[in-house]
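Quick notes on the structure that follows.
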Amino acid sequence: MSDPAQWKLPRLTVNREGEWFHEGEEVTHSGILADLWGNLRRDAAGYFLEVGPVRIPVEVADTPFLVIRMETDGPLFRLTVNDGTQEPLDPATLRLTAGDVPYCRVKGGQFEARFSRAAAYQLGQLVEYDEKTGRVSLRVGGTAYDLDRE
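Here my numbering = 1-based position in the sequence shown + 2.
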């Protein structure tokens with residue numbers, strides 16, 4: 003058996019749109035994509051896949067996950083993520099970048115996700131803007147969540 007430290011690791015990247023690439027070629031097979039998203043991890047050193055004793059780094063341009071749809075589900079909000087999963091939105095994790103691009107935490111808070119243009123528009127229909135203070139908030143039931151702005 004060869005020494006894993008001697009292996010040539012593949013170059014895996016995720017572009018700004020959440021699309022995976024292996025050695026510059028887009029990965030389109032749904033089963034392989036499910037495996038990549040399901041095994042993605044992150045720590046202080048960055049994103050990676052752990053395959054047995056080997057840690058394969060993954061270069062991520064922005065975030066590996068995108069919110070592609072946001073819907074109301076009674077008093078809650080349901081997100082559809084680019085990996086095909088659905089999960090509730092934790093409004094406390096919402097933030098806006100300088101360009102007013104929304105981000106939130108997904109996958110139990112393990113990862114950040116950027117809202118696609120369509121999902122950002124859906125969110126925008128639900129937020130309140132206070133012109134006097136410049137504050138943006140999302141109201142869920144009787145609670146208003148201020149969206150942090152960078």
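Idealized CB from N, CA, C, for every residue including glycine. The model shown is predicted, which means the values in this text are computed figures rather than measured ones.
At a Cβ-Cβ threshold of 8 Å, residue 52 and residue 43 count as neighbours. Residue nearest to residue 63 within the set 46, 77 and 22 is 22 (criterion: CA-CA distance).
DSSP places residue 139 within a strand segment (E or B) once states are collapsed to three. Where residue 124 is concerned, the enclosing alpha helix (DSSP H) starts and stops at 119-126. Sorting 111, 87, 134 and 152 by C-alpha distance to the C-alpha of residue 32 places 87 at the top. The continuous beta strand (DSSP E) containing residue 146 extends over residues 145-148.
Note on geometry: alpha-carbon atoms of residue 69 and residue 124 lie some 11 Å from one another. Going by C-alpha positions, residue 12 is about 45 Å away from residue 141. Membership of residue 42 in any alpha helix (DSSP H) is not indicated; the residue belongs instead to the beta strand (DSSP E) covering 42-45. With 16 or more other Cβ atoms inside 10 Å of its own Cβ, residue 49 counts as buried. When the five nearest sequence neighbours on each side are left out, the beta carbons in the same chain lying within less than 8 Å of the beta carbon of residue 80 are those of 72, 73, 74, 88, 89, 90 and 91, in order along the chain.
Cβ-Cβ distances below 6 Å link residue 148 to 137 and 139 in the same chain, with the five nearest sequence neighbours on each side left out; the list follows chain order. Sorting 150, 144, 100 and 30 by C-alpha distance to the C-alpha of residue 84 places 30 at the top.
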